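So in my numbering, spot 278 of the sequence shown is number 285, and the numbers just go up one at a time.
One structure is given here, and the rest of the page talks about it.
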Amino acid sequence: MLETVRLVGRGLQQKAALWDGRRVIDWLQTRRLRCLIAHAKSRSPFYAERLRQINPDRFRLEDLPPITKTELMEHFDDVVTDRRLKLRDLEAFMSDPQRLGQWYLGEYAVSRTSGTQGVQAVIVQNRRMMELLFALQMTRGTVFPTTPWGIVLRLFQRVRLAVITIGRGFFPSAAALAYAPKASRRFVKRLWLQDIEPLEEVVARLNRFRPQVLLAYANVLVILAREALAGRLILPDLRQVINMSEPLSDGARALISRAFGLPVTNNYALGECMALTTGCPRGIGMHVQADWAILEVVDKNYRPVPPGQPGDKVLVTNLYNTVQPFIRYEVNDVVTLSPSACPCGSPLPLVLHVEGRTDEVLWIRVGDRYKLLHPYVLVDFLDEYPPVGWYQIIQTERNRFLLRAQPAPKRTVSPEELRQVIERGLKHYHLDGLLQFDIEITDQVAPDPRSGKLRRITSRVGPPADLSEEERLLAEQSAASDPHFPLGQAGLTPSAPVSENRGAA
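Okay, here's the thing in structure tokens:
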């Protein structure tokens, strides 16, 4: 009961901040930034050194040096403000998928990003942060009434929410659900599906559940939109469709809106800052939670880019995570801020457009058809084997991959054990018998000689040449996808027939 009261109070606080307008939002941002810098300097050995010249009471945002994911992870044990947190222990904890939802040391939610671009981030958040995430979504990212009475009313009329994720690993979107406050069940009746389930089963369960809110990755929403247009998916009570954090292509948005008769609420977030935005319920753009996060759109030299123009990257400061400070955290997403306020009346800054970093789009052959496979499916099960430090997966044929594995420092990789890890992972994602893996143990996984970067996932074969219009739309949407949140289309993706003259391409 106490947690329920606390959630109501947190929700009302988030809504009240908007009622007070932009001036209060800016004041809260400044105050929380100063508190974060003071806390980081006093509790984090890494930031104590990095920010030694910064006076927490008098500084400009641009005085704070940007930081990359690689830097943060290399110094993880000194970055965190709880000295009990050790990267190696956290990785060992997450090696068992059954621990998802268990609080590390009794107080921390843990997750990790996909690392398909070469570096994986491990993220630690406490209970207060997870309550905040739910409160923000309940009051700022919903079409349902958010007046004080409207929030309380939901205790008696729970919203039916259907969520579809890749599975139940420690990636951020699944962790947000697994570590959601128990009291959230007083407000929301939830159906959590996995997109590795057969499409027919997903559609049947959705039809029975009759969700009022549908939350999924854009690729999944495209597939479900096709099912709705075909008359197989019937959701008469649906009031909101939410894209879970990946950039949404124009073609996908139009298709989803036409199928469900609703605008698509489009969220943009990172695993490192899940409260970065909430989508405008009118489908106009994304509202930056400026009282809890700072989003800077900059060029390649870190100079501010004016609203209305796309930047080269963004710098994100998470104002609510005091356990693992992310301060001017560099992300290579192309973002365009709006030069004007959102027409819905929100006082929060408005993101008009996001282009995520491009991952490889992997197509595999299943029988006489093609299926889309997101790289995270391959990355996920390999991260359960700590002896492997760096690795690279290369698609050498349509259903054949080469795994190049570099042992972690002072560790030895057993090819037999690694083969067993791969086989367990393929079975978990219903890919056993479909994909073949060759294994190469190497002293060093070399980066791309042209870019100097290591891509964990790459393809030498590319997409099939004879995809249908529907599959090309899925490929287009996948190319726009944000790698912070995996898509995982192993089971749910409709297939493209293999042309007879293409053989095993």
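Cβ atoms here follow ideal geometry from the backbone N, Cα and C, with glycine treated the same way.
Remember, predicted model here, so these are calculated numbers, not experimental data.
Residue i and residue j closer than 8 Å at C-beta
i           : j           : result
residue 395 : residue 414 : yes
residue 166 : residue 195 : yes
residue 547 : residue 247 : This structure cannot speak to residue 547, because the chain is shown only from 8 to 512.
residue 342 : residue 283 : no
residue 136 : residue 18  : no
residue 140 : residue 281 : yes
residue 58  : residue 44  : yes
residue 148 : residue 272 : yes
residue 464 : residue 355 : no
residue 389 : residue 330 : no
residue 334 : residue 55  : no
residue 262 : residue 312 : no
residue 171 : residue 202 : yes
residue 169 : residue 221 : yes
residue 86  : residue 51  : yes
residue 398 : residue 411 : yes
residue 362 : residue 325 : no
residue 314 : residue 345 : yes
residue 177 : residue 119 : yes
residue 193 : residue 11  : yes
Backbone CA spacing between residue i and residue j [nearest angstrom]
i           : j           : result
residue 436 : residue 200 : 14 Å
residue 370 : residue 30  : 49 Å
residue 452 : residue 425 : 16 Å
residue 24  : residue 131 : 26 Å
residue 468 : residue 420 : 28 Å
residue 488 : residue 275 : Residue placement at residue 488 is poorly supported in this model, since its pLDDT is 48, which falls under 50; the coordinates still yield a value, given next. Each residue's Cα considered, the two are about 11 Å apart.
residue 470 : residue 102 : 32 Å
residue 417 : residue 448 : 15 Å
residue 134 : residue 287 : 26 Å
residue 347 : residue 95  : 46 Å
residue 260 : residue 267 : 11 Å
residue 310 : residue 41  : 22 Å
residue 84  : residue 239 : 51 Å
residue 20  : residue 32  : 12 Å
residue 445 : residue 405 : 14 Å
residue 49  : residue 126 : 28 Å
residue 38  : residue 71  : 16 Å
residue 117 : residue 100 : 9 Å
residue 378 : residue 474 : 10 Å
residue 376 : residue 206 : 15 Å
Assigned secondary structure, residue i (DSSP; H/G/I helix, E/B strand, else coil)
i           : result
residue 468 : coil
residue 420 : coil
residue 84  : helix
residue 216 : helix
residue 240 : coil
residue 15  : helix
residue 5   : Any answer about residue 5 is impossible in this case: the structure gives the chain only from 8 up to 512.
residue 209 : helix
residue 490 : Reliability fails at residue 490, whose pLDDT of 35 lies under 50, so the model's placement of it is uncertain and the value that follows must be treated cautiously. Here residue 490 sits in coil by DSSP.
residue 20  : helix
residue 311 : strand
residue 118 : strand
residue 25  : helix
residue 396 : strand
residue 437 : coil
residue 167 : strand
residue 222 : strand
residue 329 : coil
residue 195 : strand
residue 149 : coil
Boundaries (first-last residue) of the alpha helix (DSSP H) holding residue i
i           : result
residue 229 : 225 to 236
residue 446 : It is not in any alpha helix (DSSP H) - residue 446 instead sits in the beta strand (DSSP E) that spans 443 to 448.
residue 362 : Counting along the chain, residue 362 falls outside any alpha helix (DSSP H), though it belongs to the beta strand (DSSP E) covering 357 to 362.
residue 29  : 29 to 50
residue 265 : 257 to 267
residue 369 : It is not in any alpha helix (DSSP H) - residue 369 instead sits in the beta strand (DSSP E) that spans 369 to 373.
residue 97  : 94 to 101
Unbroken beta strand (DSSP E) run spanning residue i, endpoints
i           : result
residue 133 : 129 to 133
residue 413 : 407 to 414
residue 285 : 284 to 286
residue 126 : From DSSP, residue 126 is part of no beta strand (DSSP E); its letter is neither H nor E.
residue 187 : Note, residue 187: premise wrong, no beta strand (DSSP E); not H, not E.
residue 323 : 320 to 325
residue 293 : 293 to 295
Legend entry - Meets three-Cβ-pair contact criterion under 8 Å: the region 210 to 218 and the region 233 to 246: yes
Legend entry - Cβ contact (3+ pairs, closer than 8 Å) linking the region 433 to 449 and the region 326 to 345: no
Legend entry - Any 3 or more C-beta pairs closer than 8 Å across the region 254 to 266 and the region 222 to 238: yes
Inset, instruction - Would you check if there are 3 or more beta carbon pairs closer than 8 Å linking the region 170 to 185 to the region 232 to 239? - result: no
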